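According to the working numbering, the sequence shown is numbered sequentially starting from 6.
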Amino acid sequence: MDRFMAEVSNRGIVPSSYHNQFEQFLPQKVSRMWPRLGRLEKFIAGITFMSMLKALCMAGNILVQISPYHQVQRWEEERCTGDADAAPYVSIAFGGWQWCYYGLFAFVVTKRSGFLILVHSNCLGAVLGTYYSITFYRNCKHDHSLGGLYRYMSAVIMLVLFQLCSLAVLPIERALFLTGLISSFCSFIGAISILVSLPLVIRTRDSSSIPVPLVTANMISSLVWCICGWMLDDPLIAAPNIVGFISCGICLFCKHLYPSADAWSVNKRRDPVRDTPLSPSSISNRRTAQARAVKSISYQSCDTGGTF
């Protein structure tokens, strides 16, 4: 600004006296004001929309990663996974490890610390996803679901071996680019894995196999990452999350259209007004049952064999 005003004054466009008067009304420079600010004021001054969006993206990832935890604990208690499919949980595990590997690989090659945010936002998902997959394997009682888990793990092993071979054969930059493509492909797989249980839901008209907390968390996270990809003008970020947002919307629609069998049976057999213990219908039902029980009892004598 000072150079601009000096150049304007030298060219005669604005007199130098105006330059001195204008300088008096200029705000103090940030470097002079910064030491006078408190910690909270510095924190607020450093907040930008992009930093808030990055924080929301990390929070969305963590929300997706911890959302299946209660359901997995229920598997441990019941020693059964029910009709659940392993695809979303294997996707969390492989996606977490893949993005951590890509972030570390890119940091080593480019020396840019910005790639470490991929490690920070996915390391928890890598650990928890592994725990979810192991728990699913230990408690799954259905051969069909176990077969699906074996197929998913075979695909994961093939992708890992493919990346190791590319690292040994290709130049380091090409290997990094290929790792980034596979990481983006993992996001597509994670978005589609939510839809794996839909054929069973439509066939049985029972949505108990849809993990609602995981679907809801995925929908929120996909929306935030869509905004981030749009702002960064990066289709590799926006495209898989658009697919994920649509997939989660379809799952929630099917959950609303086909209620779970447990909730339907409970609502059908229980009426909070009619089944109250002190309601007239309940009292009359108990009296009728007692009268029938008394009539059905017959007492036999020990000697004659008659009844009385």
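Ideal Cβ placement from N, Cα and C applies to all residues, glycine included.
What you are looking at is a predicted structure, and each value in this text was computed from that prediction instead of being measured.
With H, G and I counted as helix, E and B as strand and the rest as coil, what does DSSP make of residue i?
i    : result
P264 : coil
G119 : helix
D148 : helix
L228 : helix
I162 : helix
R210 : coil
P240 : helix
S96  : helix
T86  : coil
I215 : coil
P1   : Past the boundaries of the shown model lies residue 1; the chain is included only from 6 to 313, so the question cannot be answered.
A111 : helix
L68  : helix
L175 : coil
A60  : helix
A91  : coil
My assumption, with CB atoms under 8 Å, is that residue i sits in contact with residue j. Please give the rounded CB distance.
i    : j    : result
F112 : F120 : 5 Å
S214 : D90  : 7 Å
I242 : C233 : 6 Å
F182 : P245 : In fact, because the Cβ distance is near 17 Å, the residues do not count as touching under 8 Å.
T86  : N144 : 5 Å
K146 : S212 : At roughly 20 Å, the Cβ-Cβ gap does not stay under 8 Å, so K146 and S212 are not in contact.
I97  : Q70  : 6 Å
L68  : A222 : 4 Å
L200 : C256 : 7 Å
Y137 : P73  : 6 Å
M224 : F190 : Rounded, the Cβ-Cβ distance is 21 Å, inconsistent with contact.
A180 : L172 : 5 Å
Can you say whether residue i is buried or exposed, counting buried as having 16 or more other CB atoms within 10 angstroms of its CB?
i    : result
A60  : exposed
I139 : exposed
V174 : exposed
Y106 : buried
G2   : Residue 2 falls outside the range modelled here, since the chain spans only 6 to 313, and no answer is possible.
P93  : buried
A160 : exposed
G195 : buried
M163 : exposed
P216 : buried
R279 : Only weak support exists for where R279 lies, its pLDDT of 46 falling under 50; the value from the coordinates is given anyway. R279 is exposed by the Cβ-count criterion.
I207 : exposed
C1   : The question about residue 1 has no answer here: the residues shown for the chain are numbered 6 through 313.
M236 : exposed
S118 : exposed
T184 : buried
Y157 : buried
A240 : Reading off the sequence, residue 240 comes out as Pro, not Ala. Classification of P240: exposed, given that the 10 Å Cβ count is below 16.
Q26  : For Q26, the predicted model reports a pLDDT of 47, less than 50, meaning its position is unreliable; a value from the coordinates is still stated below. With fewer than 16 Cβ atoms within 10 Å of its Cβ, Q26 is classed as exposed.
L166 : exposed
G65  : buried
L154 : buried
F258 : exposed
G130 : buried
S198 : buried
S56  : exposed
G254 : exposed
If you follow the alpha helix (DSSP H) that residue i is part of, which residue opens it and which one closes it?
i    : result
V201 : Counting along the chain, V201 falls outside any alpha helix (DSSP H), and DSSP gives it neither H nor E.
R79  : 74 to 83
Measure from the C-beta of residue i to each C-beta in chain B and report whether the shortest distance is under 7 Å.
i    : result
F258 : Among the chains of the structure shown, chain B does not appear; only one protein chain is present.
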